[in-house]
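Encoded as structure tokens, the structure appears first; notes follow it.
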Amino acid sequence: MHSLLEHAPDLHAELHQLLLQVPSGRVTTYGKLAGALGDSGAARWVGEALVDHPHDEHCPCHRVVRVDGHIGLYISRDSTEKAARLQTEGVSVTNDRVDCRDGFFDEFQSSAPLARLRQVQTELSPTVRPLKSAPTSVAGVDVSYVSSTEAVAAYVLLEPSSLREIWSTTVVCPVEFPYITGYLSFRELPMFVSLFKQVREADRMADVTFVDGNGILHPRRAGSASYVGIATDSPTIGVGKKLLLGKVDVDRVTAKEPRKITHEGETVGYAMTAGARNRPFFVSPGHLTSLEDARRFTTQVMTDRRLPLPIVLADRLSRDEAQLLKQQNAETDTKSDIPP
1 MHSLLEHAPD LHAELHQLLL QVPSGRVTTY GKLAGALGDS GAARWVGEAL VDHPHDEHCP
61 CHRVVRVDGH IGLYISRDST EKAARLQTEG VSVTNDRVDC RDGFFDEFQS SAPLARLRQV
121 QTELSPTVRP LKSAPTSVAG VDVSYVSSTE AVAAYVLLEP SSLREIWSTT VVCPVEFPYI
181 TGYLSFRELP MFVSLFKQVR EADRMADVTF VDGNGILHPR RAGSASYVGI ATDSPTIGVG
241 KKLLLGKVDV DRVTAKEPRK ITHEGETVGY AMTAGARNRP FFVSPGHLTS LEDARRFTTQ
301 VMTDRRLPLP IVLADRLSRD EAQLLKQQNA ETDTKSDIPP
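Numbering follows my numbering, with no gaps: position 287 of the sequence shown is 287.
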């Protein structure tokens, strides 16, 4: 397993190091910082991080503006303070806009961590092959968030013939990687690695695991379900709620007749539904399973709910545990506010 799958880079620390490189009297943009991180598409996250981060009087985050020169938001929520700090350093600010005729600072020294993660996504390829035998146990996994820094990963084990729940477990994990479009796997994989470690220690590994996320039905031909399978060396099937790739006539999907999803002449998944009142969902092999496995074994664990039962139960368990932790945290905060 590639080390970056289990231990993603600390983007907050990387961003801070880039900020320190912007000299007094110069400004840069959210997009320039995102580009230095390795993906200009991360500009939105950069903006969010700069209004919610460890901050002191020496922090240079005021030197980041929008591409049109508007100074944008500031961590203190007071744009006049941001303008004043820039003017103190010799930057001309008029009507909340900087004079950017000298251009934006972009001479960053960076390891481009997001570019490295994209390379990992390109290099890692799931193995698509049939299971050797029909599964005697299946599982579902999902993650729910307690806060921006804490999450619950849940695993529910079932008997496929009866859909009887056999066993379940959860782990509470820190959230160390931010949400950035295209990099969700690196946010949640450490949680799944911890979860599967606990499952293996209990000797409760399923023959195949359903993951709330796509398998090969993904623009990079490897979605969350693929990475979970690769990282844990286990067979997985991806279950997506949105069609990210390919073509299919969803209007012709019925409970008894899944429809093939094709891309460039190749079948990459199936559109399925539990019934006329349910919206379709999209399944594909994640890792160590085949297209036929994904279709056949998903059919076996469908009920009147929109999604396969293992996913439904894992989602419910993770949400319940996350809600309980939220309540406990709120009670703790309330007690800490009461004077002795």
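Ideal Cβ placement from N, Cα and C applies to all residues, glycine included.
Residue i: first and last residue of the uninterrupted beta strand (DSSP E) it sits in
{"i": "isoleucine 230", "result": "Per DSSP, isoleucine 230 belongs to no beta strand (DSSP E); it is in the alpha helix (DSSP H), 224-232."}
{"i": "valine 208", "result": "208-212"}
{"i": "valine 268", "result": "266-272"}
{"i": "glutamate 150", "result": "150-159"}
{"i": "valine 120", "result": "Where valine 120 is concerned, there is no enclosing beta strand (DSSP E), although the alpha helix (DSSP H) it sits in stretches over 113-123."}
{"i": "tyrosine 145", "result": "138-147"}
{"i": "histidine 356", "result": "No information on residue 356 is available, as it lies outside the stretch 1 to 340 that the chain covers here."}
{"i": "valine 250", "result": "Counting along the chain, valine 250 falls outside any beta strand (DSSP E), and DSSP gives it neither H nor E."}
{"i": "lysine 260", "result": "259-263"}
Selection from the options that minimises the alpha carbon distance to residue i
{"i": "glutamine 352", "options": "Ala49, Gln21 and Thr170", "result": "Limits of the chain in this structure are 1 at one end and 340 at the other, which puts residue 352 out of reach."}
{"i": "leucine 11", "options": "Ala36, Thr29 and Val65", "result": "Ala36"}
{"i": "glycine 265", "options": "Lys247, Asp142 and Asn95", "result": "Lys247"}
{"i": "glycine 295", "options": "Tyr270, Arg187, Arg118 and Gln17", "result": "Checking the displayed sequence, the identity of residue 295 turns out to be arginine instead of glycine. That would be Tyr270, whose Cα lies nearest to the Cα of arginine 295."}
{"i": "isoleucine 237", "options": "His287, Glu201 and Leu245", "result": "His287"}
{"i": "leucine 243", "options": "Val228, Arg66 and Lys260", "result": "Lys260"}
{"i": "alanine 43", "options": "Pro178, Ala314 and Glu292", "result": "Pro178"}
{"i": "proline 9", "options": "Phe186, Pro310, Ser226 and Thr267", "result": "Phe186"}
{"i": "alanine 56", "options": "Tyr74, Thr80 and Gly47", "result": "According to the sequence displayed, residue 56 carries aspartate and not alanine. Cα-wise, what sits closest to aspartate 56 is Tyr74."}
{"i": "isoleucine 180", "options": "Gly69, Arg118 and Val128", "result": "Arg118"}
{"i": "glycine 69", "options": "Pro54, Asp52, Asn95 and Ala84", "result": "Asn95"}
{"i": "leucine 15", "options": "Val27, Ala34 and Lys82", "result": "Ala34"}
{"i": "alanine 314", "options": "Thr299, Glu150 and Trp167", "result": "Trp167"}
{"i": "asparagine 133", "options": "Lys82, Arg279, Leu307 and Ala206", "result": "The sequence shown places serine at residue 133, rather than the asparagine named in the question. Cα-wise, what sits closest to serine 133 is Ala206."}
{"i": "aspartate 142", "options": "Glu257, Pro310, Thr88 and Phe104", "result": "Pro310"}
{"i": "glutamate 159", "options": "Gln198, Glu176, Ala153 and Arg204", "result": "Arg204"}
{"i": "glutamate 257", "options": "Ser226, His218, Thr298 and Lys241", "result": "Thr298"}
{"i": "alanine 139", "options": "Asp106, Arg200, Ala49 and Asn329", "result": "Arg200"}
{"i": "glycine 25", "options": "Val268, Ser79, Thr88 and Ala13", "result": "Thr88"}
{"i": "valine 156", "options": "Lys326, Ser318, Gln327 and Leu325", "result": "Ser318"}
Start-to-end residues for the alpha helix (DSSP H) that takes in residue i
{"i": "isoleucine 185", "result": "The sequence shown places serine at residue 185, rather than the isoleucine named in the question. Start and end: 184-201."}
{"i": "valine 46", "result": "43-50"}
{"i": "phenylalanine 353", "result": "The structure shown does not extend to residue 353, since the chain is modelled only from 1 to 340, so the question has no answer here."}
{"i": "leucine 19", "result": "11-19"}
Identified DSSP bridge partners for residue i
{"i": "cysteine 173", "result": "Ala151"}
{"i": "glycine 238", "result": "Val211 and Ser284"}
{"i": "leucine 305", "result": "It should be noted that the sequence gives arginine, not leucine, for residue 305. Paired residues: none, contrary to the question."}
{"i": "glutamate 165", "result": "Leu158"}
{"i": "valine 128", "result": "Thr289"}
Residue-chain proximity (residue i, chain B), Cβ-Cβ < 9 Å
{"i": "glutamate 165", "result": "Protein chains in the displayed structure number just one, and chain B is not present."}
* Inspect the CB distances between the segment 303-312 and the segment 269-286 and report whether three or more fall short of 8 Å. => Three or more beta-carbon pairs drawn from the segment 303-312 and the segment 269-286 are found closer than 8 Å, and the two stretches are therefore classed as touching.
* At 4 residues or longer, and completely inside the segment 29-114: list those alpha helix (DSSP H) runs for me, N to C. => Here the runs fully enclosed are 30-37, 43-50 and 79-88.
* Pairing CB atoms from the segment 180-192 with CB atoms from the segment 214-233, are three or more of them under 8 Å? -> Contact between the segment 180-192 and the segment 214-233 is established, with three or more Cβ pairs separated by less than 8 Å.
* Would you be able to state if there are at least three C-beta pairs under 8 Å between the segment 142-159 and the segment 168-181? => With a cut-off of 8 Å, the segment 142-159 and the segment 168-181 count as touching, because enough Cβ pairs lie within range.
* To do: Report yes or no: do three or more beta-carbon pairs, one from the segment 113-133 and one from the segment 215-231, lie closer than 8 Å?
  => Contact holds: three or more Cβ-Cβ distances are below 8 Å.
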